[in-house]
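Enquirer:
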Amino acid sequence: MNRTITYHIEKSYQNIYELLKEKKYPHKLVLQLKQNPSQILLNGFPTRLQVELQPNAIVEITINELESSGFVPYSLPLDIVFEDEDFLVINKPARLPVHPSIGHYEDTLANALVYYYRQEPSPFVYRCMNRLDKDTSGLTLIAKNPLSAALMQQQVKSRQLHRTYLAVVEGSLPEEGTINAPIGRAEDSVILRKIDLENGQPAITHYTCLEQKNGLSLASITLETGRTHQIRVHMSSIRHPLPGDFLYNPDNHQIKRQALHSHRLQFTHPITGEAMDFLAPLPQDMHELFYS
3 MNRTITYHIE
13 KSYQNIYELL
23 KEKKYPHKLV
33 LQLKQNPSQI
43 LLNGFPTRLQ
53 VELQPNAIVE
63 ITINELESSG
73 FVPYSLPLDI
83 VFEDEDFLVI
93 NKPARLPVHP
103 SIGHYEDTLA
113 NALVYYYRQE
123 PSPFVYRCMN
133 RLDKDTSGLT
143 LIAKNPLSAA
153 LMQQQVKSRQ
163 LHRTYLAVVE
173 GSLPEEGTIN
183 APIGRAEDSV
193 ILRKIDLENG
203 QPAITHYTCL
213 EQKNGLSLAS
223 ITLETGRTHQ
233 IRVHMSSIRH
243 PLPGDFLYNP
253 DNHQIKRQAL
263 HSHRLQFTHP
273 ITGEAMDFLA
283 PLPQDMHELF
293 YS
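This note's numbering puts the first residue of the sequence shown at 3, with every later residue one more than the last.
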């Protein structure tokens, strides 16, 4: 989606390039602006990136979306926790894929958002910043324009986007702990992952036991890395698998999906720099599993 950002200049800059560097614009967007001077206004008039800036000037930068995502619009209910011009946070239900794939070409979060924004005047490109497994519920972050996506991706890479999960696991979990075990792809499977000490990628998971009840533990979990199925593989590796996990705990059918929920997201607003903090409570099926 198109986005216009206004900067009220408070100090001198050698040129607009210097301003964009300070605001952490990615190189690709800077090139786009260089090739389209009409997207840069200085005190209301088109200008070029080489122009010097003085205090009290007003710079308007327009980031244009070039094309829409080619997903089929599909009407699905959306639990929108927050939305502004730059991103939205959605409390995703379990059994909703975040992206189309084989067998799920229309019934995904991507299709639902294409439908939601179908009447917007500018194109919408689906950019999910923290992809969740289909059967993992909870907070999902979607960028609404190229700039916010690039800046939030920088936060992901620098581990400034903090994710906290709630999980129900089997057994009496220790009060707290860290699992540091590399994860790799299991042989003869494109889906299954395993602990692979020789060829796996580094993976670190921290957990805290919040409560124990009826042979189960409710855990708060944070990640230092983001490997596929990381929580599910790591908790299974210490003999505390998640109920309902058909891949890593196939004999436990206490719940119809893995008991895992994206509970909290913390990050910095990509444009304003404001600290953002969102929570999604334990969903009903996990609440019933643990407390019933």
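Quick reminder that beta carbons are idealized off the backbone N, C-alpha and C, glycines included.
Being a predicted model, the structure only gives us computed values, none of them experimental.
Can you tell me the Cα-Cα spacing of arginine 259 and proline 99, whole angstroms?
Expert: Within the sequence shown, residue 259 is the residue found at index 257, counting from 1. Within the sequence shown, residue 99 is the residue found at index 97, counting from 1. Straight-line spacing of the CA atoms in arginine 259 and proline 99 works out to 13 Å.
Enquirer: How big is the Cα-Cα spacing for proline 243 and arginine 266?
Expert: By one-based count along the sequence shown, residue 243 stands at place 241. By one-based count along the sequence shown, residue 266 stands at place 264. Rounded to the nearest angstrom, the two C-alpha atoms are 21 Å apart.
Enquirer: Measuring straight from C-alpha to C-alpha, what distance separates valine 74 and serine 103?
Expert: Here residue 74 corresponds to residue number 72 of the sequence shown, with the count starting at 1. Here residue 103 corresponds to residue number 101 of the sequence shown, with the count starting at 1. Taking the straight line joining both Cα atoms gives about 13 Å.
Enquirer: Put serine 139 into one of helix, strand or coil per three-state DSSP.
Expert: By 1-based counting over the sequence shown, the position of residue 139 is 137. Three-state result, serine 139: strand.
Enquirer: Is DSSP giving asparagine 147 helix, strand or coil here?
Expert: Position 145 of the sequence shown, counted from the first residue, corresponds to residue 147. Here asparagine 147 sits in coil by DSSP.
Enquirer: Across which residues does DSSP place leucine 202 in a beta bridge pair?
Expert: On the sequence shown, residue 202 is found 200 positions in, with the first residue counted as 1. According to the sequence provided, residue 202 is glycine. The question's leucine does not apply to it. DSSP, once it has assigned bridges, lists no residue as partnering glycine 202.
Enquirer: Note the first and the last residue of the continuous alpha helix (DSSP H) segment covering arginine 234.
Expert: For the purposes of this step, residue 234 is identified with residue 232 of the sequence shown, where counting begins at 1. That run of the alpha helix (DSSP H) goes 232 to 239.
Enquirer: Can the beta-carbon of threonine 210 be found closer than 9 Å to that of isoleucine 223?
Expert: In the sequence shown, the residue the question calls residue 210 occupies position 208. In the sequence shown, the residue the question calls residue 223 occupies position 221. Against a cut-off of 9 Å, the Cβ pair of isoleucine 223 and threonine 210 comes out as a contact.
Enquirer: What do you get for glycine 246, buried or exposed, if any count of 16 or more other CB atoms within 10 angstroms of its CB means buried?
Expert: The count along the sequence shown starts at 1 and reaches residue 246 at position 244. That one is buried.
Enquirer: Give me the DSSP bridge partner(s) of glutamate 85.
Expert: As a first step, residue 85 is located in the sequence shown; it is residue number 83 there, counting from the start. Leu90.
Enquirer: Taking the runs of the alpha helix (DSSP H) that are 4 residues or longer, which of them lie wholly in the stretch 40 to 123?
Expert: Complete alpha helix (DSSP H) runs here, min 4: 111 to 118.
Enquirer: Which residue's Cα is closest to the Cα of asparagine 17: Gln56, His255 and Gly140?
Expert: Position 15 of the sequence shown holds residue 17. From the listed residues Gln56, His255 and Gly140, the smallest Cα separation to asparagine 17 is found for Gln56.
Enquirer: Using only the alpha-carbon positions, how far apart do glutamine 37 and valine 91 sit?
Expert: For the purposes of this step, residue 37 is identified with residue 35 of the sequence shown, where counting begins at 1. For the purposes of this step, residue 91 is identified with residue 89 of the sequence shown, where counting begins at 1. The straight-line gap from Cα to Cα measures roughly 32 Å.
Enquirer: In three-state DSSP terms, what is phenylalanine 248?
Expert: Mapped onto the sequence shown, residue 248 falls at position 246. If DSSP states are grouped into helix, strand and coil, phenylalanine 248 belongs with coil.
Enquirer: Should glycine 140 go down as buried or exposed, given a rule of 16 or more other Cβ atoms within 10 Å for buried?
Expert: Start at 1 with the first residue of the sequence shown, and residue 140 comes out as number 138. Result: buried.
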